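Below is one structure, written out as structure tokens, with a few remarks after it.
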Amino acid sequence: MTEQSLFCRRVLGESGWLNNVIIQTDAAGMIRAIRPGRPDEADVTLEGPVIPGMPNCHSHAFQRQMAGLAGFGGPDGADSFWSWRDAMYSLANRLQPEQLQAIATWLYVEMLEAGYTACAEFHYLHHQPDGAPYADIDELGGRLMVAASQVGLSLSLLPVLYCRSGFGANGASEHQRRFINSPAQFLNLFARSVARAEDHPLHRVGLALHSLRASSTAQIAEVLDGEAGRAAAIHIHVAEQVAEVEQCLAAHGARPVEWLLANHPVDERWCLVHATHMQPAEYDQAAASGATAGICPTTEADLGDGFFEAGYWMEKGGSLAVGSDSNLRISPCEELRLLEFGLRLRTGRRNVLTGQASRVGFNLYQQAAAGGGAALGQPIGEIRPGYRADLVELNAEHPMLCGVGEADLLDRYVFGGGAGMINSVLVAAKQTVHNGKHQARDAAAAGFRAVMEELAG
Ligand SMILES: [Zn+2]
């Protein structure tokens with residue numbers, strides 16, 4: 002990488018749209034300055050509107066393989082999150098390292114083409130199918146890092162602490178053997194991921210706690226006391242399901258978010274993934290902690306989780322990010338639309354999540370991009386000096402953008418367009434998507450196709 006100067010006809014800066022500027026980056030792709038300029042002074046010209054790339058706050062890469070294939074009813078009509086989880090386990094227990102890498106490579110190409118420029122990978126598939134660690138305990142995390150590096154996506158790899166099958170359990174079920182580590186073994190795995198990331202300048206390593214049901218309070222505290230507790234990003238699935246709330250009440254006499262906030266040092270480095278079932282006092286306290294809510298509307302809809310009260314959360318000043326989670330759909334615009342549309346359907350109102358702005362798309366996109374940066378623990382999600390040049394350039398020639406004023410551009414993109422409006426995507430000032438297509442798309446598709454055939458056979 003070298004220093005770059007990128008001329009932008011129109012770019013969404015920290016205080017609004019700027020016209021005819023040059024974004025100056027250093028050799029690491031970090032923005033040094035944004036100044037008025039001309040195309041003939043620049044290395045690259047971006048004619049279309051340039052917006053921050055969207056960080057994806059929550060992904061389980063391998064689940065892309067089963068997207069849409071778990072839509073069958075259970076034999077007794079009792080299909081639920083828990084029957085979906087059984088289908089997911091059956092896939093998780095068959096995957097080989099090279100298959101995981103091929104699935105992730107294809108998925109990360111799809112993410113870049115959809116305008117996600119970085120991804121928090123909530124990675125719990127650690128061991129061999131029989132539960133024995135690989136010779137390299139971080140073999141599978143390493144596969145994810147390589148996949149992302151090959152296609153130019155920035156990863157915040159979050160190795161997951163997973164110790165037991167449920168509240169009060171001592172160990173894991175047979176289906177969970179690949180996920181399980183003691184806190185001490187987990188800290189070794191974490192250290193290995195951190196060491197490996199030194200070879201991947203775009204990647205970072207954070208910590209994930211699977212859930213309150215998958216580790217005890219003491220196990221979580223032991224990990225937080227180690228190096229992992231100093232990570233810039235700490236994520237946990239929390240209060241996703243009603244059954245989880247009931248089990249937590251039975252085990253601890255407190256609701257999940259209530260228990261989490263009372264027993265662990267939750268601060269702005271934390272991302273509470275889903276946080277669906279909270280009472281008003283939990284919303285208030287979680288927002289005040291500085292944690293980001295990691296909302297995954299398409300997956301939450303698919304799994305029948307419930308609905309996050311984003312309006313109330315934002316009123317309380319809560320930070321919010323979006324994630325593709327089960328990777329059923331790969332589209333930040335779709336996640337944002339569903340977040341807003343769910344509230345409209347429930348309240349009978351329009352334009353609910355406008356925030357301080359008058360337009361929902363403008364507000365939601367910027368809030369989710371900035372919140373995503375916080376959730377990933379990376380200087381991303383905004384276009385300003387000190388941040389990385391992760392940029393999405395919309396297609397200036399797209400018919401749906403013709404004649405659209407600056408105030409409406411993001412709403413047109415979020416509600417009236419989506420990935421089809423993207424022209425190019427840059428991560429750390431390096432272009433990965435041209436004319437809407439990733440340069441490695443065909444090779445990645447071939448790799449994914451081969452895995453689909455192997456797993457079907
Ligand atoms: Zn998840």
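Here the sequence shown is numbered in this note's numbering, starting from 2 and rising by one per residue.
We treat Cβ as the ideally placed atom computed from N, Cα and C, and that holds for glycine.
Since the structure is predicted, the reported quantities are computational estimates derived from the model, not experimental observations.
Local conformation of Y284 per DSSP, three classes: Helix at Y284.
For S290 and V323, which I take to be in contact (beta-carbon distance under 8 Å), what is that distance rounded to the nearest angstrom? Separation of the CB atoms of S290 and V323 is rounded to 19 Å, and the pair is thereby denied contact status at 8 Å.
Classify M1 as buried or exposed, calling it buried when 16 or more other Cβ atoms lie within 10 Å of its own Cβ. Since the displayed the chain opens at 2 and closes at 458, residue 1 lies outside it and no answer follows.
Mind checking whether L402 and V51 have CB atoms under 7 Å apart? At least 7 Å separates the beta-carbon of L402 from that of V51.
Who are the near neighbours of R33 in its chain, counting only those whose CB is closer than 7 Å to its CB and skipping five residues on each side? Closer than 7 Å at the Cβ level, and outside the excluded window around R33, lie Q25, T26, D27, P386.
Could you tell me if the beta carbon of D306 falls within a distance shorter than 6 Å of some heavy atom in ligand 1? Not under cutoff, so the answer is no.
Check the C-beta distance from G132 over to I181 and give it rounded, since I have them as a contact under 8 Å. That belief holds up - the Cβ atoms of G132 and I181 are roughly 7 Å apart, short of 8 Å.
Report the partner residues of I23 according to the DSSP bridge assignment. Looking at the DSSP assignment, I23 forms a beta bridge with F8, R36.
Which residues DSSP lists as bridging H439, in chain order: Note: H439 sits in a beta bridge opposite V434.
Evaluate contact between the segment 287–301 and the segment 261–278, counting only Cβ atoms and requiring at least three cross-stretch pairs below 8 Å. Cβ pair count under 8 Å is three or more, so yes.
Looking at D87 and ligand 1, is the gap between the Cβ and the nearest heavy atom below 6 Å? Result no, Cβ not under 6 Å from ligand 1.
L411 and F363 - do their beta-carbons sit closer together than 7 Å? With respect to the 7 Å criterion, F363 and L411 are classified as neighbours on the basis of their beta carbons.
Quick one, which of R95, E4, T299 has its alpha-carbon nearest G307's? For G307, the nearest C-alpha among the options comes from T299.
Can you look up F187 in the DSSP assignment and give me helix, strand or coil? Here F187 sits in helix by DSSP.
Shorter than 6 Å, the distance from the beta carbon of F123 to the closest heavy atom of ligand 1, or not? Yes - ligand 1 has a heavy atom lying nearer than 6 Å to the Cβ of F123.
Enumerate in chain order the residues of its own chain whose CB-to-CB distance from L261 is below 8 Å, with the five nearest sequence positions on each side excluded. Result list for L261: L213, I237, V239, V267, L273, in chain order.
How would you call E316, buried or exposed, if buried means at least 16 neighbouring beta carbons within 10 angstroms? That one is exposed.
Would you list, in sequence order, the uninterrupted beta strand (DSSP E) runs of no fewer than 3 residues that lie entirely inside the segment 93–139? Counting only runs of 3 or more, we get 117–124.
Assuming T277 contacts E241 under a Cβ cut-off of 8 Å, what Cβ separation, rounded to an integer in Å, is found between them? Right, their Cβ atoms sit about 6 Å apart.
Cβ neighbours of L337 in the same chain (closer than 7 Å, five flanking residues each side left out): Same-chain partners within the cutoff: V323, L365, Y366, A369, V415.
Relative to the alpha-carbon of G373, which residue among T118, Y163, S216 has its alpha-carbon at the smallest distance? Looking at the Cα atoms, T118 is the closest of the given residues.
Give a single yes or no on whether D326 has its beta carbon closer than 6 Å to a heavy atom of ligand 3. As for ligand 3, it is missing from this structure, which binds only ligand 1.
Would you mind working out which of P98, A229, R351 sits nearest V161, comparing C-alpha positions? When only C-alpha atoms are compared, the closest one is A229.
Would you list the one or two residues that DSSP bridges to G373? Note: G373 sits in no beta bridge, so no partner.
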